[in-house]
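Remarks on the structure that follows.
There are 2 protein chains.
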Amino acid sequence: MFDEYLARRYRTTTRPKKEHYLVKDSAAIVGIGATEFSKDSGRSELQMVCEAVKAAVDDAGLQMEEIDGFVRFEMDYTDEMHICSSLGIPKLTYFAECGWGGGASCSTIVHAAAAIAAGVAECIVCYRGMNEASGRRYGRIPGTPSIMTAPRDHFGSILPFGHCTPPGWVAMFASRYLHEFDATAEDLAWVSVVCREHANRNPNAIFYDRPLTVQECVEARMIIEPLRLYDCCVDTDGAVAIIVASAEKAKKLKQKPAYIVGATQGNATEGELMTSYYRPVISGLPEAWYTGQELWRVTGAIPSDVNVAQFYDAFSPLIPMQLEEYGFCDRGKGMDFCRGGDRIRLGGELPCNTSGSHLSEAYLHGMNLIAEAVRQIRGTSTAQVKNAELSLVTGGLGIPTSAILLRN
Amino acid sequence: MFDEYLARRYRTTTRPKKEHYLVKDSAAIVGIGATEFSKDSGRSELQMVCEAVKAAVDDAGLQMEEIDGFVRFEMDYTDEMHICSSLGIPKLTYFAECGWGGGASCSTIVHAAAAIAAGVAECIVCYRGMNEASGRRYGRIPGTPSIMTAPRDHFGSILPFGHCTPPGWVAMFASRYLHEFDATAEDLAWVSVVCREHANRNPNAIFYDRPLTVQECVEARMIIEPLRLYDCCVDTDGAVAIIVASAEKAKKLKQKPAYIVGATQGNATEGELMTSYYRPVISGLPEAWYTGQELWRVTGAIPSDVNVAQFYDAFSPLIPMQLEEYGFCDRGKGMDFCRGGDRIRLGGELPCNTSGSHLSEAYLHGMNLIAEAVRQIRGTSTAQVKNAELSLVTGGLGIPTSAILLRN
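Chains as they are written, first to last, in my numbering: chain B, 1 to 408; chain R, 1001 to 1408.
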């Protein structure tokens, strides 16, 4: 496996083989909705999710009773039945859940698109709502850590030592990545700075009105080495809903459809929940590589076809790492791609995370990234890439993950 | 809603409209596997699930590396990544979870079949493993009941009063059902007696060697009125795995394929997790009715086409209730259908639960019922219905649920 791992060609430049894949163009994202993003919503997740679903239904020009499916995060505190009761949705023919934390974000679209392509449902809501700032913060070790009682064997050997939170888990492999490719804190800071630039254009972003410099990044307090404050996503209260409908239905609705060219999931061997430290190499994200390979295979696209990308950025090192794993640059060259910011900012070679994303817009477990990818297709982003044709979104890292490619 | 509810025609005799539905015949169950069913497995769920998956892969004549998808119960303690690591499955392109307890059983097949029809994966394992006898029993109130801390609002108003377990939850609506249709304990006993007769033919059933009489049923100790001991499923340690593959692949494999004609899910308004007591009528199972309506609609079949049925039977009253809801008899006639046992036993009008099912074979959250439905198609059941062509399975009740129809 070690050899296979190292032998992987990181740059995907040849067009892959297409096969029987019905998702392609048979489903589209037709509606997006969200609450405000805040540090203290003052209301329940259920209420926020209902607000987001209603906003998405209105955005699409749908009637509530046209919704016939739901896909949710396993981790979500809100379920589809309470949403249906609250919003008056009479009947569902499809409901599914996606595991693996933020790895679920684009998985929701995989499931919805497959169900629609197969004719199981016609109009499916994917959502996430959380009071992750005012409620239980993932970065804080809870008094009675429920995850410590989870019967995932490997956690028993790390949680008792205080290695209990996502920043710690990611710091392990991020350290190795930065070390292996001689990246400095200044290099890394460019990722956060560019996301902040984009957030500064987006009135809905939590950091809309706060510019950020490289200097501020490297001087910010250390959370867990090598991750400083601005390398971490912004804890957020809020909800986002995304509506997927059949391509046929999409044509009759209010918005320009964002067609789903491909929606894929991927895992890799020796995987643990954000703690896959027993692999021969830990400076990469093999799940993302497999997910990307499958995405290029089923869509027939290659990375250079993509006009704009929303990379899952719970932590800043994940962006250069994904640039490699999804094949936008060679192994070890992700940091070069980000340094100085010119290639990843609006106007650059591959504008990334154009809403400000998790680092500066809001942390909604990837669902706000999907909404932004849709806006890029519609032409309504506050950091709009001119004539964006292909819009990429990726899911959470260090876990089984997912990605989608949208087109106009 | 009250009128709509009462106006429902319980008997489905007209052939429903078919629409775009690609699942039909594009996927098949190609492998089934299980551990022994016991009261004390002496090993972990992960180990049991791996054994069941390996047995199913061998049964199908597949290689382990051909598996490219997993669908699991949200509630399962085992996840697909640890199974892949344990069994050497290199890569998945699909993984999903199903919620709602036993309502998930046939949902796993819905998801797998949709993913296969859409071309997202080709060979998907659905599984369930639990030490429900030697580990945490659902019928026992745990010391620190995790479900009581779950943020499902309505539970906050019933759990503190000790209304904490499935027998209690089901007793509420079962009481009303029996009262409304003047059914006695003797009437009800026939359900358990027939399941036991079938189990007595099945060497893998926990109650293989223990016959049961109506007299024993009505004299057994009361669990929660009206449910006596033999009205409740048998707590079991074990695991079951079911493999779904594309119809094309199925043709090349070892077993006669059990084609998936239809796989549907359904919910109903005002639904809560097994405690939907605020509906105008609580003597029915509207989720099952909707799931059945959708099944007949997408398959074009009607109940009288079905040759053999495995109804989810966590508790005995659920069988007569489902006979009504799935349209095999009129409203209020389910108990008549079961009384004396002649119509539901092997050789009868609709042989039901031919392995002994949850009441007498094992309680594997519905997955053992799917395995039995497949055996009926293959012609290998220990209570084989001659020339069974259409084989029905239903999912858990009092919750959003699911059903599948298989054909040979």
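For every residue, glycine included, the Cβ atom is placed at its ideal position computed from N, Cα and C.
In this text, all values refer to a predicted model and were calculated from it rather than measured experimentally.
Within the DSSP bridge table, the entry for B:Q265 names B:S402 as partners. When 9 Å is used as the limit between beta carbons, R:L1022 is near these residues of chain B: L22, A117, A118, G119, V120, in chain order.
In this structure, the beta-carbon distance from R:G1103 to R:V1049 does not fall below 8 Å. Under a 10 Å Cβ-count criterion, R:H1358 is classified as buried, with 16 or more other Cβ atoms of the shown protein chains found around its own Cβ. Here DSSP, grouped into helix, strand and coil, assigns B:V125 to strand. For B:S391, the enclosing beta strand (DSSP E) stretches over residues 390 to 394. Residue range 1080 to 1087 is occupied by the alpha helix (DSSP H) that includes R:M1081. Checking the DSSP bridge columns, you'll see R:F1070 partnered with R:F1095, R:V1125. Within the same chain, Cβ atoms closer than 7 Å to the Cβ of B:G348 are found at D342, the five residues on either side in sequence being excluded. Assignment of beta-bridge partners to R:D1336 by DSSP yields no partner. Selection R:T1269, R:Q1293, R:S1038 evaluated against R:I1282 yields R:T1269 as nearest (Cα-Cα).
With respect to the C-alpha of R:C1232, the residue from R:Y1127, R:A1118, R:C1217 having the closest C-alpha is R:C1217.
It is roughly 33 Å from the alpha-carbon of R:L1397 to the alpha-carbon of B:G238. For R:F1181, same chain residues with a beta-carbon under 7 Å away, outside a window of 5 residues either side, are G1332, M1335 in chain order. For R:K1252 and R:D1068, the gap between their C-alpha atoms comes out near 17 Å. Per DSSP, R:M1222 is one residue of the beta strand (DSSP E) stretching across 1222 to 1224. Of the residues R:L1364, R:C1098, R:T1184, R:G1292, the one whose Cα lies closest to the Cα of R:G1340 is R:T1184. The bridge partners DSSP lists for B:V244 are B:I29, B:I124.
The C-beta of R:P1211 has fewer than 16 other C-beta atoms within 10 Å across all chains shown, which makes the residue exposed.
Around the beta carbon of R:G1395, a 10 Å sphere encloses 16 or more other beta carbons of the protein chains shown; the residue is thus reported as buried. If you check the CB distance, R:R1137 and R:D1235 come in under 8 Å. B:I158 carries a coil assignment under DSSP once its states are collapsed to helix, strand and coil. With the criterion set as a beta carbon lying under 8 Å from some beta carbon of chain R, the stretch 161 to 191 of chain B has no members that meet it. Comparing C-alpha distances from B:E294 to each of B:L318, B:Q265, B:A371, B:E272 shows the shortest one belongs to B:Q265. Under a criterion of Cβ atoms nearer than 8 Å, no residue of chain B is adjacent to R:P1280; the nearest Cβ is some 14 Å distant.
Per the coordinates, the alpha-carbon of R:V1170 lies some 11 Å from the alpha-carbon of R:L1273. Rounded to the nearest angstrom, the Cβ distance from B:L62 to B:I243 is 7 Å, consistent with a contact under 8 Å. B:G168 is classed as buried because its beta carbon has at least 16 other beta carbons within 10 Å across all chains shown.
In summary, R:K1386 is exposed, with fewer than 16 beta-carbon neighbours lying within 10 Å of its beta-carbon over all protein chains present.
The CB of B:N267 comes closer than 8 Å to the CB of E1080, M1081, C1084, K1091, L1092, F1095 in chain R, given here in chain order. In the DSSP assignment, B:Q47 falls within the alpha helix (DSSP H) that extends over 45 to 60. Here the alpha carbon of R:C1126 sits roughly 15 Å from the alpha carbon of R:T1035. B:L405 is positioned such that its CB atom lies no closer than 8 Å to that of B:T291. Among the CB atoms of chain R, one or more fall inside 8 Å of the CB of B:P400. Boundaries of the alpha helix (DSSP H) harbouring B:A118: 104 to 118, taken from the DSSP string. Fewer than three pairs of CB atoms, one per stretch, sit closer than 8 Å, so the stretch 1073 to 1084 of chain R makes no contact with the stretch 1372 to 1381 of chain R.
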